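Peer 1: The sequence shown begins at 0 in numbering that gives the first Met the number 0 and counts up by one.
For each residue, glycine too, the CB sits at the ideal point set by N, CA and C.
As the structure is a computational prediction, the values presented were derived from the model and not from experiment.
Following this message is one structure expressed as structure tokens.
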Amino acid sequence: MGIKFVKHKCYIVATCDRDLKRRIRKIPGVPIMYITQHKYSIERLPEATIGGEKLN
Numbered sequence: 000m001g002i003k004f005v006k007h008k009c010y011i012v013a014t015c016d017r018d019l020k021r022r023i024r025k026i027p028g029v030p031i032m033y034i035t036q037h038k039y040s041i042e043r044l045p046e047a048t049i050g051g052e053k054l055n
């Protein structure tokens, strides 16, 4: 089971730094969480980074 976790890494980056968000967007498969208007927001992954499957 440990091999499965190493194989399928899951990351999310939480930041309000605009420069860091711009750099993280270049990394496929890493969503960005940030706070806007006193609420948490998470940027959706482009379909190309999730194998073309749509999120429900």
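Which residues in the same chain have their Cβ closer than 6 Å to the Cβ of I31, if we skip the five residues on either side of it in sequence?
Peer 2: V12, K20, I23 and E42
Peer 1: Return yes when the Cβ of G28 is within less than 9 Å of the Cβ of Y39, no when it is not.
Peer 2: no
Peer 1: Just to confirm the assignment, what range does the beta strand (DSSP E) spanning I23 have?
Peer 2: I23 -> not in any beta strand (DSSP E); alpha helix (DSSP H) instead, spanning R17 to I23.
Peer 1: When DSSP builds the beta bridges, which residues end up paired with T14?
Peer 2: In the DSSP output, where bridge partners are listed per residue, T14 has none listed.
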